[in-house]
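In order, the protein sequences belong to chains D and H. Going by our numbering, the first sequence opens with residue 304, and the numbers climb by one from there. Going by our numbering, the second sequence opens with residue 304, and the numbers climb by one from there.
There are 2 protein chains.
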Amino acid sequence: MYSSELLKGSLQTIILKLLSENGRMYGYEITGRVKALSEGEILLTEGALYPTLHKLEADGLVVTETVSLGKRIRKYYSLTPAGTATATARVQEFLEFVQTMRIILATKPSPDA
Amino acid sequence: MYSSELLKGSLQTIILKLLSENGRMYGYEITGRVKALSEGEILLTEGALYPTLHKLEADGLVVTETVSLGKRIRKYYSLTPAGTATATARVQEFLEFVQTMRIILATKPSPDA
DNA sequence: ATTTATATATAAGATAATTATGTATTATTG
DNA sequence: CAATAATACATAATTATCTTATATATAAAT
């Protein structure tokens, strides 16, 4: 698993992207999808996941619908129009950041160093 | 400029990498180098930079030497052997994290979605 | 019958940023 | 020559986002 610090700031982006591709998902499902896609390298903890989902909802980027599973509940999240736009923007921003980071991390020693 | 959250967790990596390529650098110089390499997209604030440098020193990854510039001081940072090893590891870890993120952010809708 | 998986949620604590403030020298520009 | 910008360091208060721990509960598997 990666240093947890790297994930900071990227969790919202991951969630928004997954929702944009899958229509609607519930929290536990997101955890499993991220684990599978990352081949076990990114393990979302509930303490990070649920507060983030609640924040996205409070910010109007997602809406929820609760489904009964016998006696348990499942809470589905899906993007609002604003959420869809934000998803695209956040992914784009992440990729641009990475591109910039690649430049910095690929620098070679200067000739006079 | 990028959402500041993305930088979180990457600042140490940036500093360690720059020091590994440039032998020794001082704080203000690092700020300028990062700004130049990122074409103005990453602007380090002193409130992030100096505490991070102090932490790297406290962790034994860098050592300092203070130089007098007339009446001003300049504090040069350079890597210890542990710092050199950590620099390589952090860059590697970042690139692997990005690779995993690319997989997640490149997912297409599943056929049954 | 016990453990694991499913499913959500919150609280306490840690980490690492931002923003604001502080000090001081040197160079530039009007 | 006076004001501003650039150089150069540093810390404090605040905010955001994570980890770890705790809590509750049902369903499936061993």
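Glycine included, every Cβ here is placed at the ideal spot set by N, Cα and C.
7 Å Cβ shell around A416/H - same chain, five flanking residues per side excluded | Residue placement at A416/H is flagged as unreliable, the pLDDT there being 45, under the threshold of 50; a coordinate-derived value is accordingly withheld.
Check whether the Cβ atoms of K374/H and T367/H sit closer than 8 Å, and answer yes or no.
-> no
Under 8 Å between C-beta atoms, does T410/D make it to chain H?
-> yes
Per-residue contacts from S341/H into chain D (C-beta, under 8 Å) = T403, I406 and I407
Per DSSP, S381/H forms a beta bridge with which residues?
-> R327/H and V366/H
In its own chain, which residues sit with a C-beta less than 6 Å from the C-beta of Y331/H, not counting the 5 before and 5 after it?
-> none
If you draw a straight line from the alpha carbon of E360/D to that of E396/D, how long is it in whole angstroms?
-> 21 Å
So, using beta-carbon positions, are V394/D and K311/D closer together than 8 Å?
-> no
Just the C-alpha distance for S381/D and N325/H, rounded to the nearest angstrom, thanks.
-> 48 Å
Ordered along the chain, which non-local residues of its own chain (more than five positions away) have a Cβ less than 8 Å from that of G363/D?
-> T383, A385 and G386
Under 8 Å between C-beta atoms of V365/D and L322/D | yes
Nearest candidate by alpha-carbon position, reference L389/D, set T348/D, I376/D and I317/D = It is worth fixing the name first, because residue 389/D is Thr in this sequence and not Leu. Among T348/D, I376/D and I317/D, the Cα nearest to that of T389/D belongs to I317/D.
Three-state secondary structure (DSSP) at D415/D?
-> With a pLDDT of 49 at D415/D, under the threshold of 50, the modelled position of that residue is not reliable, and the figure given next carries that caveat. In the structure shown, D415/D sits in coil (DSSP, three-state: anything other than H, G, I, E or B).
Would you say S381/D faces chain H, with C-beta separation under 8 Å as the test?
-> no
By the 10 Å Cβ neighbour count, where 16 or more other Cβ atoms means buried, how is M304/D classified, buried or exposed?
-> exposed
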